[in-house]
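A quick write-up on the structure given underneath.
Numbering (my numbering), first residue to last: 181 to 529.
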């Protein structure tokens, strides 16, 4: 996943997704299969090959909740990071509209993060630095090792704050998701990546990785989530979809062929009305289910075992899509039938 000068702009979010299948509902795991959070993870891993975005997103929100339970004296060791500290001084008269909008959005998120969670205990116990992310299994890296892959940032101008809360965890997350050579590095612009790398040198406050979170959230909300919902609505494997497409094309060609035969014949034009019965109708290759699925033939894949949709909102959405497909298909067939009635017979046989 190469870096780019600017972060990729996500596609516009579709507006016909039911509220019961919204991004918030899926992230909170309030949706039933095949639209649950686990299904979303599987889709990103096997289909979109971008599971690290959701992994980082979920870790970040969990990190915010754990940060809110820290004691005030622990939070004081890692103050919020001001993005302006990483930039060169500029004239106060130079303003950019996109920069102001981004600053306002970041300030709102920072204000939310600084609020104590209502679900937190009244007397929270201090969290030590030995906690690690559930998705990280590699050895602990020093702050210098984290920054070594980047040539534009020099570690000689700062001293690591080892007494800061969650320093080890944040260092490991940075090495896995932020550094350019990270095994799960996010699709960030060079500006956002450099800003995150500089921020984690000075603080473990959640605001240090806020640019990466905003980019991940925008990608998931505007691109991955709509694509996942449409993928779940299809409710069929690729082989079955291909079979149905071929079957639909064959039925269309068959209907046209029969209509041509009736036109060229000497039969009454009203025989053509009978044509209305023709209507529209990450690395995982080594996993166990792949071997079993690959061993199935084309017929076995087409007529594979089906799973009942448990999500009522998705089932309703699917029924609506089928209804409109039948409606438009029937209207098109009726129009073609009426047109064929006015074609004179060929009387060839």
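Each residue gets a CB set at the ideal place from its N, CA and C atoms; glycine is no exception.
Member of the options whose CA lies at the smallest distance from the CA of residue i
| i | options | result |
| --- | --- | --- |
| residue 246 | 386, 211, 353, 506 | 386 |
| residue 524 | 396, 491, 447 | 447 |
| residue 196 | 511, 496, 514, 521 | 496 |
| residue 482 | 356, 506, 379, 418 | 418 |
| residue 517 | 474, 507, 479, 436 | 436 |
| residue 254 | 521, 345, 467 | 345 |
| residue 357 | 492, 487, 404, 240 | 240 |
| residue 368 | 222, 244, 383, 398 | 398 |
| residue 365 | 444, 485, 393, 426 | 393 |
| residue 522 | 425, 439, 384 | 439 |
| residue 513 | 433, 494, 423 | 433 |
Span of the alpha helix (DSSP H) around residue i
| i | result |
| --- | --- |
| residue 512 | 492 to 521 |
| residue 471 | 468 to 475 |
| residue 237 | 231 to 248 |
| residue 208 | Per DSSP, residue 208 belongs to no alpha helix (DSSP H) and is neither H nor E. |
| residue 365 | Element bounds for residue 365: n/a, residue is neither H nor E. |
| residue 358 | No alpha helix (DSSP H) contains residue 358, which DSSP labels as neither H nor E. |
| residue 478 | 478 to 482 |
| residue 219 | 217 to 223 |
| residue 345 | Element bounds for residue 345: n/a, residue is neither H nor E. |
| residue 198 | Segment: none, residue 198 is in no alpha helix (DSSP H) and carries neither H nor E. |
Beta-carbon contacts of residue i that lie in its chain and below 6 Å, excluding the five residues immediately before and after
| i | result |
| --- | --- |
| residue 227 | none |
| residue 412 | 214, 215 |
| residue 494 | 215 |
Cβ separation of residue i and residue j, assumed to be a contact under 8 Å, to the nearest whole Å
| i | j | result |
| --- | --- | --- |
| residue 224 | residue 231 | 4 Å |
| residue 490 | residue 212 | 4 Å |
| residue 362 | residue 355 | 6 Å |
| residue 396 | residue 203 | Incorrect: roughly 12 Å between the Cβ atoms, too far for contact. |
| residue 382 | residue 206 | That belief does not hold up - the Cβ atoms of residue 382 and residue 206 are roughly 35 Å apart, past 8 Å. |
Spatial neighbours of residue i in its chain, beta-carbon cut-off 8 Å, leaving aside the 5 residues before and after
| i | result |
| --- | --- |
| residue 337 | Here the model assigns residue 337 a pLDDT of 42, short of 50, so the residue's position is not dependable, and the following value carries that caveat. Excluding residues within five positions, none has a Cβ falling inside 8 Å. |
| residue 535 | No information on residue 535 is available, as it lies outside the stretch 181 to 529 that the chain covers here. |
| residue 515 | none |
Cβ shell of residue i (< 7 Å), same chain only, five flanking positions each side left out
| i | result |
| --- | --- |
| residue 391 | 372, 375, 376 |
| residue 423 | 482 |
Quiz item: What are the start and end residues of each continuous alpha helix (DSSP H) run of 4 or more residues lying completely inside the stretch 377 to 431, in chain order?
Solution: Qualifying alpha helix (DSSP H) stretches, in chain order: 390 to 399, 405 to 414.
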